[in-house]
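**Q** Residue numbers (UniProt numbering): 1 to 527.
Dumping the structure here so I can ask a few things about it.
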Amino acid sequence: MKVLIIDDEKHVRDGIRLLGAWEENGIGEFYEAENGEDAIRLIQEHRPEIIFSDMKMPKMDGTQLLEWIKTNQPKSKTVVVTGYDDYHYMRKAIHFGSYDYLLKPIDPEILNQTLKNAVEEWKKEEADRKSKDSSYQMINEMKPVFRDRKLTQLVSSDSIKDELYKELGFQLSQTYMVALMRLDGKTIKSFQGDRDLAYFTILNVINEILMDCDCGIGFRYLSSKGEIVMIFWNKLDQIEERLSEIHQTLKRVLNRSCPIAIGEAVTGTAGLLQSYQHAKQVLLSSNLLERKEKRVYGPDTVQVISPKSLMSYSSDIEGGMMAGRIEAFDDLIEDVTNDFTENGYLSLKQLLHFENEYQVISNTWFKHYNIPIGSSESIEKRIDPYFDAGGTFNLEDYKKRIRREISVFLKKVKKASKQKGNIIHEIEKYLQSHFDRDVKLQEISDHFYISREYISRKFKQELNVNISDYLVRIRMNKAKSLLKNSDLKIYEIANMIGYQDDKYFRKVFKKVEGITPNEYRDQYSVK
């Protein structure tokens with residue numbers, strides 16, 4: 001800690017320094033000033049925790065200095081030291097926050113008791129300050145998460161406490177409108193895949209614009225992935241203008257177009273969900289093939305059109321599968337494209353519906369041909385790569401992907417068909433080579449690239465035994481051979497054929513052979 005002694009008489013400064021129990025109170029640095037102006041310079045430079053100051057000094061008296069300290073260095077503890085036992089000076093000292101008041105000549109005991117009390121008081125206040133700073137920092141860090149959770153609850157028609165509205169930056173109103181923004185995978189990727197950073201940055205831009213006009217608030221909508229919701233309670237006639245500003249600012253900053261849809265006006269907070277749902281319908285009905293500089297869709301742009309179904313092309317898909325050539329699908333892909341994008345219109349709802357049905361049909365054919373289904377991507381991850389920076393969907397590249405996937409599948413079907421003739425024989429050989437460990441059905445499926453269901457069913461049909469029992473049979477035959485032709489101990493044989501627990505091996509052996517391993521060995525040795 002640091003102490004500053006201010007007095008125009010050097011012998012007074014020397015006396016205070018000589019009498020004080022500085023080391024006992026954690027004081028390690030000393031500074032001296034002979035007037036208020038020098039004191040201010042030292043205070044600004046060193047920020048002393050404890051200050052002893054005379055009241056009557058040249059250039060700037062103690063009263064003026066105390067006033068300056070109260071304004072500019074309020075954390076310091078100031079002890080007034082003066083030879084004037086005058087109520088006027090005492091009143092001034094108290095008014096400007098002096099910790100204590102000592103009279104000259106200074107009593108060493110009183111000086112050190114005052115020093116001790118001042119240091120303890122400073123430490124206590126400093127601990128309180130740090131605690132408050134830590135709490136404030138935690139609140140600031142948690143506030144966005146807290147805000148997102150509470151406002152999501154509010155949109156979902158859950159009530160929140162009245163005192164939270166002001167804390168969340170939300171204003172009560174008679175009428176509200178909700179706007180919805182969709183963030184795609186490429187937008188998140190522009191932040192090195194840091195989803196939290198993406199939301200933080202984008203919401204900073206949104207809320208800075210909304211705060212300027214005092215008309216609404218934006219937050220991360222936790223009930224639906226990839227969505228930011230904005231609630232407007234004021235200047236509703238300016239919503240499109242504000243959202244256009246937000247869209248253009250984000251496009252400039254991110255080099256990405258984030259589409260925004262506006263819901264209908266509703267009465268009271270109970271109608272927020274209705275406005276949100278309307279905004280979502282607007283967003284889902286937006287034309288992905290249209291090239292637009294500004295993708296802000298008003299509440300009157302919603303189009304209620306039932307999406308077309310890929311299931312209606314089931315017979316054509318089956319015909320292509322029977323043909324087994326990718327060329328058989330080329331005309332089908334074009335027919336589906338023309339049907340689903342009639343008049344140059346492809347909605348987000350139609351695209352999502354197509355992807356969902358496409359995955360269902362794909363999985364059905366994978367199972368039909370007993371081909372393992374790999375880990376599937378979410379629909380959003382499958383479509384996001386095909387949106388350009390302006391938000392337009394690249395239909396041609398998307399069609400090429402579908403064609404590649406079908407082509408790869410047909411090759412797998414062809415490969416699987418060739419393997420079916422001798423696959424069980426190959427599995428037998430595999431089990432015979434790996435009998436000394438626990439071979440799982442999934443391992444066999446992955447190795448031979450055939451579904452578990454097909455392997456299990458076909459193995460039982462051809463050998464009249466399931467795989468686990470077949471593996472036990474191999475192990476028991478090997479055990480009998482070792483029991484006959486070696487002096488190995490039972491637990492050693494158990495380990496060699498894949499059993500870590502020799503007691504379990506003995507139990508299995510007796511169940512299969514009708515006698516214990518020792519009895520079997522004894523029978524053989526007698527013969």
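Note that beta-carbon positions come from the ideal geometry of N, C-alpha and C, so glycine has one too.
All values reported here derive from a predicted model rather than from experimental measurement.
Applying the criterion that 16 or more other CB atoms from any shown protein chain within 10 Å of the CB defines a buried residue, is Q523 buried or exposed?
**A** The residue is exposed, with fewer than 16 neighbouring Cβ atoms inside 10 Å.
**Q** Mark E45 as exposed unless 16 or more other C-beta atoms lie within 10 angstroms of its C-beta, in which case mark it buried.
**A** Exposed is the call here.
**Q** Locate the alpha helix (DSSP H) running through Y176, then write down its first and last residues.
**A** Run containing Y176: none in the alpha helix (DSSP H); it sits in the beta strand (DSSP E), 175 to 182.
**Q** So what does F52 bridge to, in DSSP terms?
**A** Answer is I5, V79, bridged to F52.
**Q** Check for me: the alpha helix (DSSP H) holding A389 runs from which residue to which?
**A** Careful: A389 lies outside any alpha helix (DSSP H) and carries neither H nor E.
**Q** Taking the runs of the alpha helix (DSSP H) that are 4 residues or longer, which of them lie wholly in the region 272 to 336?
**A** Qualifying alpha helix (DSSP H) stretches, in chain order: 272 to 284, 314 to 323.
**Q** Where do the N-terminal and C-terminal ends of the alpha helix (DSSP H) with Y99 fall, by residue?
**A** No alpha helix (DSSP H) holds Y99; DSSP gives it neither H nor E.
**Q** Which word fits P105, buried or exposed, when buried means at least 16 other C-beta atoms lie within 10 angstroms of its C-beta?
**A** Under this definition P105 is an exposed residue.
**Q** Considering Cα atoms alone, identify which of I515, Q500, E453, Q432 is closest to K478.
**A** Of the listed residues, the one whose Cα sits closest to K478 is Q432.
**Q** By DSSP, does A270 sit in helix, in strand, or in coil?
**A** Here A270 sits in helix by DSSP.
**Q** Quick one: using the 10 Å Cβ neighbour count with 16 as the cut-off for buried, is M322 buried or exposed?
**A** Exposed is the call here.
**Q** Which residues share a DSSP beta bridge with A479?
**A** For A479, which the question treats as bridged, DSSP gives no partner whatsoever.
**Q** Identify every run of the beta strand (DSSP E) within the region 188 to 246, keeping only runs that are complete inside it and at least 3 residues long; order them along the chain.
**A** Here the runs fully enclosed are 216 to 220, 227 to 232.
**Q** What is the residue span of the alpha helix (DSSP H) that H23 lies within?
**A** Residue 23 is actually Glu in this sequence, not His. Where E23 is concerned, there is no enclosing alpha helix (DSSP H), given that its DSSP letter is neither H nor E.
**Q** Can you give me the C-alpha to C-alpha distance between V408 and G374, rounded to a whole angstrom?
**A** Whole-angstrom Cα-Cα distance: 13 Å.
**Q** For S257, which residues of its own chain have a beta-carbon under 6 Å away from its beta-carbon, when the five flanking residues on both sides are left out?
**A** Closer than 6 Å at Cβ, skipping near neighbours: K251, R295, G390, G391.
**Q** Alpha carbon to alpha carbon, what distance is there between Q113 and N25?
**A** Roughly 10 Å between the two C-alpha positions.
**Q** Taking a contact to mean a Cβ-Cβ separation below 8 Å, would you say M60 touches G36 in this structure?
**A** Contact: yes.
**Q** Counting C-beta neighbours from all protein chains within 10 Å, is the total for L4 16 or more, i.e. buried, or is it exposed?
**A** Buried, by the Cβ-count rule.
**Q** Can you give the beta carbon distance from C215 to R242, rounded, assuming they're within the 8 Å contact cut?
**A** 7 Å between Cβ atoms; contact.
**Q** Which whole-angstrom value is the C-beta distance of D7 and V80, which I expect to be below 8 Å?
**A** So it is not a contact: roughly 11 Å between Cβ atoms.
**Q** Tell me the DSSP secondary structure of E357 in three-state form.
**A** Reduced to three states, the DSSP call for E357 is helix.
**Q** From G298, E290, I317, L284, pick the residue whose C-alpha is nearest to that of S306; which is it?
**A** Ranking G298, E290, I317, L284 by Cα distance to S306 puts L284 first.
**Q** To which residues does DSSP link S347 through a beta bridge?
**A** Answer is N287, bridged to S347.
**Q** Give the secondary structure of Y398 by DSSP, where H, G and I count as helix, E and B as strand, and everything else as coil.
**A** Correct three-state label for Y398: helix.
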